[in-house]
Every structure is written in C-alpha cells, then in structure tokens.
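A.B. asks: Numbering (this note's numbering), first residue to last: 12 to 172.
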C-alpha cells in the first residue's frame, strides 16, 4: 500500500506515524542513539543537539533538519544546561542546543540527585556536571531555603521527590 498524497485523507496520520517511527533517542546523560547504537561522530551529535526543538502543539521533543522533522524519544529530557552565563542582573542557561535562555525566578528544581531548570513550557533542562559545579558556587542556604545568589539576585531552589 502506498502512502497517501498530501491533502488526501489519512495523509497527516501517515506522516505522524513516519515521524514517530524513526528510532532516535537521547539517553539520561544527553547521548544520542539510533537503532540501539550510540552516535560516535561528535559533529553529528553537535548538529543534532543544535537542531532540537519542541513540537509547538504537543510539546514533545523533535529534531529539525531543514524543513523536515521527526520526533525524538528521551529517557529524561532533551535539553541540558552546559553552563551559565551572567549578563548584568540576568542569569542565562547555555544549552546543548547552543541556545541561551534567561533563568526565570522559579526555574531551579532539584529532584533526587539531579538538578534542573525550567526555562519555558516544555523546556526543562538538566544541569550537566559542569553547570552543576558552577551553580554550586552560588548556592546559599537561608531562612527561606536554598537559593542561587548571583548577579545581585536570588533564585529559589525547589526540592522535589
């Protein structure tokens, strides 16, 4: 049976199935996998990291290559904070995508042994070891709990689970 043509009944469902059938996965440490094998080419990993996005309707992680895209399975999250950058009174999270996102006032979360920052809806990023160590230099404990104190501001850190 051939695929329906664009505009024909069933085309969108068929296309969604194709986009979901591509076996791309990001493991809990941010490593890319295809059909059970890890990516070994660093340039390809960097390219894929730089083209990660979220589906505008479902919020699911997707990979864009030109005008094409497919869904990506993730073991934890698709986004990872490589480091933080201070710009004036703003704290920016520099992600594996090479994007820089301002950290919102309520963005930091520690869940078990992992630290995350929620940057926007469907953009929860896990801190890499490098970012976690950098953040550790700014952690303070006070009467209101643990906070990140840097750039003349304070960000509360929520504890989950």
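Beta carbons are placed, not taken as given, at the ideal position from N, Cα and C, and that holds for glycine.
(1) Would you grab the beta carbon distance between residue 102 and residue 91 for me? Rounded to a whole angstrom, and I think it's under 8 angstroms.
(2) With a threshold of 6 angstroms on Cβ separation, who are the neighbours of residue 2 within its own chain once the five nearest residues in sequence on each side are excluded?
(3) Across which residues does DSSP place residue 17 in a beta bridge pair?
(4) Give the DSSP-derived three-state secondary structure of residue 136 in the structure shown.
(5) Could you please give the first and the last residue of the uninterrupted beta strand (DSSP E) stretch that includes residue 50?
(6) Can you give me the C-alpha to C-alpha distance between residue 85 and residue 72, rounded to a whole angstrom?
(7) Jot down the residue ranges of each uninterrupted alpha helix (DSSP H) in the stretch 125-169, minimum 4 residues, whole runs only, in chain order.
(8) So residue 65 and residue 133 are in contact, right, with Cβ under 8 angstroms, and what is the actual spacing, rounded?
(9) Please confirm whether residue 149 and residue 161 have their CB atoms less than 9 angstroms apart.
(10) Keeping to the same chain, check which residues put their C-beta closer than 6 angstroms to that of residue 51; ignore five residues upstream and five downstream.
(11) To the nearest whole angstrom, what separates the beta carbons of residue 171 and residue 120, a pair I think is in contact under 8 angstroms?
(12) Under the DSSP definition of a beta bridge, which residues are partnered with residue 113?
(13) Beta carbon of residue 60, beta carbon of residue 108: below 9 angstroms?
(14) If residue 140 sits next to residue 88, beta carbons under 8 angstroms apart, how far is it from one beta carbon to the other, in whole angstroms?
(15) So, residue 4 versus residue 116, is the Cβ gap smaller than 9 angstroms?
(16) At 3 residues or longer, and completely inside the stretch 27-86: list those beta strand (DSSP E) runs for me, N to C.
(17) Is residue 130 near residue 95, with beta carbons less than 9 angstroms apart?
C.D. replies: This is what the structure gives:
(1) Residue 102 to residue 91, Cβ: 16 angstroms. No contact.
(2) Nothing can be reported for residue 2, as the shown portion of the chain is limited to 12 through 172.
(3) Residue 17 pairs with nothing; no bridge assigned.
(4) In this structure, residue 136 counts as strand in the three-state DSSP scheme.
(5) From DSSP, residue 50 is part of no beta strand (DSSP E); its letter is neither H nor E.
(6) For the pair residue 85 and residue 72, the Cα-to-Cα distance works out to about 8 angstroms.
(7) Taken in chain order, the whole alpha helix (DSSP H) runs of length 4 or more contained in the stretch 125-169 are 140-147.
(8) About 5 angstroms; that satisfies the 8 angstroms criterion.
(9) In this structure, residue 161 lies closer than 9 angstroms to residue 149 by Cβ.
(10) Excluding its 5 nearest sequence neighbours in each direction, residue 51 has no C-beta neighbour in its own chain below 6 angstroms.
(11) Between residue 171 and residue 120 the beta-carbon gap is near 6 angstroms, inside 8 angstroms, which marks them as a contact.
(12) Residue 113 is bridged by DSSP to 103.
(13) Contact flag set, yes.
(14) Contact between residue 140 and residue 88 fails: their C-beta atoms lie close to 15 angstroms from each other, not under 8 angstroms.
(15) Outside the modelled stretch of the chain, which goes from 12 to 172, sits residue 4, for which no answer is possible.
(16) Runs found: 35-37, 43-45, 63-65, 72-76 and 79-82.
(17) No, these two residues do not count as a Cβ contact at 9 angstroms.
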